[in-house]
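**Student:** Let me begin by handing over the structure; questions about it come next.
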Amino acid sequence: MEVLYILFTLVFLPILYIVVFFGSKRLRENIDKNKLRGISNLLGRLGYKPTRDDLRKRLKGFVRIISYIFYIVIIYLGIISVSQIFPSTRQYGRRFLELLSEPLDVALEVIYQVVVLVLKFIVLGVLAYIIMWILDRVLTLIIARGYSRRARVRRATLRTIFKVVKITIVVIIAIYFVLSIPITRSPYFYWAFLSIVGLLIIVMLPKVIDVIAGVIVPFIYDIGPGDLIEVGDHFGLIIDRGLVSVLIETRGGGRDQIPTRSLVWRGVRVVCQDYEKLNLWLTIDIDSTEAKIVREIEEALRSDRELKGYEVNLFIKSIFEMNMVVVAMLVLPSPTPFWRAEVKGIDAVNRVIQKHHRTCVIKSEVGQFT
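Okay, so the sequence shown: first residue is -10 according to this note's numbering, each after it adds one.
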């Protein structure tokens, strides 16, 4: 039996050490040479997108940790083997192990709890990822099949509702994970946890109100990207709608964020839905009462190079003694950004009117097909 322990100590353990040493070194070299596309794509799907150098550094660190664990195991096996070969060393080994037994038990218990928590975190993370993936596929299917149009629910509204569901699921999973930690079973932790949550709610109260309003808005207003809205002093085209704010493009081409709580408190006036179906009305004051001038202006607008693709119609709104008010209706070509189309239309009408020695456009309004 002692011969086997001698062979184990002098042959197997050195071979195991050499394999671990050169194996870890070879792995680190392969990590430096490999492009790591597969791992990068997998981490990208999980929402973590590290740089290639950062990923290499972390993988090499992980390989080093594994190799150190193997070194510790080899040393431990060597101590046991030597104690079996030389019986006199067993007494010292037993005393040493007795001294280390209590801290080792504590350390092993801590390691066990940490491993369980890490495994639980991984399982819950994978479960959350699967749920998010299923929700994304369901949302894509609903939009692709056209069920959202039949139910008069816009895509932006559906995306907001699904986003709320995702956040709720993530919060529930996170709370379950935190409460599964052994230290959280203490009543003091509950009070500390509630105090921290209350403090965060007080500090982030405006954001909390915006999130609540963002959940309510889809059930009150059917608005989304491409809609022209007016909220208090804000007027513009919706570019993006989130849980806490709505991003609009103003007439000047700038961008403005409207908190969702303003949508609930001030109300929303939807000027039109889907800017690709907009009409542009330009009110023109003409210093004449002859109908042929209206026809001349209409033909000039239709033949104008800048308004190629626009549908132009002129209507006489009212006639006075020396002048008349004409409304020019321009149907915007699709898909044309509204503000650019409006400016182009106003410039073209001004140019045509000035050629006929008439007054310029005095008012611009927007509308939608009915």
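The beta-carbon is built from N, C-alpha and C at its ideal position, and this holds for glycine as well.
Would Trp235 pass as a contact of Thr249 if the rule is Cβ separation under 9 Å?
**Tutor:** Looking up residue 235 in the sequence shown gives position 246. Looking up residue 249 in the sequence shown gives position 260. Before going further, note that residue 235 is Val rather than Trp in the sequence given. Closer than 9 Å, so yes.
**Student:** Report the residue from Thr239, Ser292, Leu124 and Asp293 whose alpha carbon sits nearest the alpha carbon of Asp222.
**Tutor:** Sequence index remark: in the sequence shown, residue 222 carries index 233 (1-based). Checking every option, the nearest Cα to that of Asp222 belongs to Thr239.
**Student:** Sorted by chain position, which residues of the same chain lie with C-beta nearer than 8 Å to Val233's C-beta, five sequence neighbours on each side aside?
**Tutor:** The residue labelled residue 233 in the question sits at position 244 within the sequence shown. Answer for Val233: Lys196, Asp199, Val200, Gly203, Pro248 and Thr249, listed in chain order.
**Student:** Would the stretch 161 to 169 count as touching the stretch 205 to 213 if we require 3 or more Cβ pairs under 8 Å?
**Tutor:** no
**Student:** May I ask which residues mark the beginning and end of the alpha helix (DSSP H) holding Phe178?
**Tutor:** In the sequence shown, the residue the question calls residue 178 occupies position 189. Counting along the chain, the alpha helix (DSSP H) containing Phe178 begins and ends at Pro176 to Val192.
**Student:** Tell me whether Glu287 sits in a helix, a strand or coil according to DSSP, three-state version.
**Tutor:** As a position in the sequence shown, residue 287 is number 298, starting the count at 1. Three-state DSSP puts Glu287 in a helix.
**Student:** Which partner residues does Ile220 have in the DSSP bridge list?
**Tutor:** In the sequence shown, the residue the question calls residue 220 occupies position 231. The amino acid at residue 220 is misidentified as Ile; the sequence shows Val. Per DSSP, His223.
**Student:** Of the choices Tyr60, Gln102, Val107 and Val338, whose alpha-carbon is the least far from that of Leu2?
**Tutor:** Within the sequence shown, the letter at position 13 stands for residue 2. The shortest Cα separation from Leu2 among Tyr60, Gln102, Val107 and Val338 belongs to Tyr60.
**Student:** Excluding the 5 residues preceding and the 5 following Val107 in the sequence, name in chain order all residues of the same chain whose CB lies nearer than 7 Å to its CB.
**Tutor:** As a position in the sequence shown, residue 107 is number 118, starting the count at 1. Contacts found: none.
**Student:** Consult DSSP for Leu271 and reduce its assignment to one of helix, strand or coil.
**Tutor:** In the sequence shown, residue 271 corresponds to position 282, counting from 1. Reduced to three states, the DSSP call for Leu271 is strand.
**Student:** DSSP state of Arg139, grouped into three classes?
**Tutor:** Numbered from 1 along the sequence shown, position 150 holds the residue referred to as residue 139. For Arg139, the predicted model reports a pLDDT of 40, less than 50, meaning its position is unreliable and no value from the coordinates is stated.
**Student:** From Tyr118, Ile158 and Lys109, pick the residue whose C-alpha is nearest to that of Ser169; which is it?
**Tutor:** As a working note, residue 169 is residue 180 in the sequence shown. If we check each option's Cα against that of Ser169, Lys109 comes out closest.
**Student:** Using 8 Å as the cut-off, classify the Cβ of Val316 as near or not near the heavy atoms of the ligand NAD, replying yes or no.
**Tutor:** You won't find the ligand NAD in this model; it holds no ligand whatsoever.
**Student:** Have a look at Asn23 and Val52 and give me their C-alpha separation to the nearest angstrom.
**Tutor:** Sequence index remark: in the sequence shown, residue 23 carries index 34 (1-based). Sequence index remark: in the sequence shown, residue 52 carries index 63 (1-based). Taking the straight line joining both Cα atoms gives about 15 Å.
**Student:** In terms of residue numbering, what span does the beta strand (DSSP E) encompassing Asn312 cover?
**Tutor:** For this step, residue 312 is matched to residue 323 along the sequence shown. Unbroken run through Asn312: none, as it is neither H nor E.
**Student:** Between Gly114 and chain D, is any beta-carbon pair separated by less than 9 Å?
**Tutor:** Of the chains in the structure shown, none is chain D; there is only one protein chain.
**Student:** For Ile228 and Val154, I'd like the C-alpha separation in whole angstroms.
**Tutor:** Residue mapping note: residue 228 aligns to position 239 of the sequence shown, counting from 1. Residue mapping note: residue 154 aligns to position 165 of the sequence shown, counting from 1. Roughly 23 Å separates the two Cα atoms.
**Student:** Starting from Pro3, trace the alpha helix (DSSP H) in both directions and tell me its first and last residue.
**Tutor:** Here residue 3 is taken as the residue at index 14 of the sequence shown, counted from 1. Leu2 to Lys22 is the extent of the alpha helix (DSSP H) around Pro3.
**Student:** I need the straight-line Cα distance from Ile158 to Leu217, nearest angstrom please.
**Tutor:** By one-based count along the sequence shown, residue 158 stands at place 169. By one-based count along the sequence shown, residue 217 stands at place 228. The straight-line gap from Cα to Cα measures roughly 33 Å.
**Student:** Let me confirm a value: Ser362 is counted as buried when at least 16 other C-beta atoms fall within 10 Å, else exposed. Which label applies?
**Tutor:** The requested residue 362 does not occur in the structure, where the chain is confined to residues -10 to 359.
**Student:** Between Lys46, Ile150, Ile156 and Asp43, which has its C-alpha nearest Ala117's C-alpha?
**Tutor:** Taking the first residue of the sequence shown as 1, we reach residue 117 at position 128. Comparing Cα positions, the closest option is Ile156.
**Student:** Assign Ser292 to one of two classes, buried (16 or more other C-beta atoms within 10 Å of its C-beta) or exposed (fewer than that).
**Tutor:** Taking the sequence shown and counting its residues from 1, the one referred to as residue 292 is at position 303. Exposed is the call here.
**Student:** Report the option in Arg244, Val220, Pro214 and Glu219 whose CA atom is closest to the CA atom of Arg230.
**Tutor:** For the purposes of this step, residue 230 is identified with residue 241 of the sequence shown, where counting begins at 1. Among Arg244, Val220, Pro214 and Glu219, the Cα nearest to that of Arg230 belongs to Pro214.
**Student:** Mapping the DSSP letters down to three states, classify Leu232 as helix, strand or coil.
**Tutor:** Your numbering for residue 232 matches position 243 in the sequence shown. DSSP places Leu232 in coil when its eight states are reduced to three.
**Student:** Tell me which residues share the same chain as Gln246 and place their Cβ nearer than 6 Å to its Cβ, disregarding the 5 neighbours each side in the sequence.
**Tutor:** Locating residue 246 in the sequence shown gives position 257, counting from the first residue. Here the set comprises Ser234 and Leu236.
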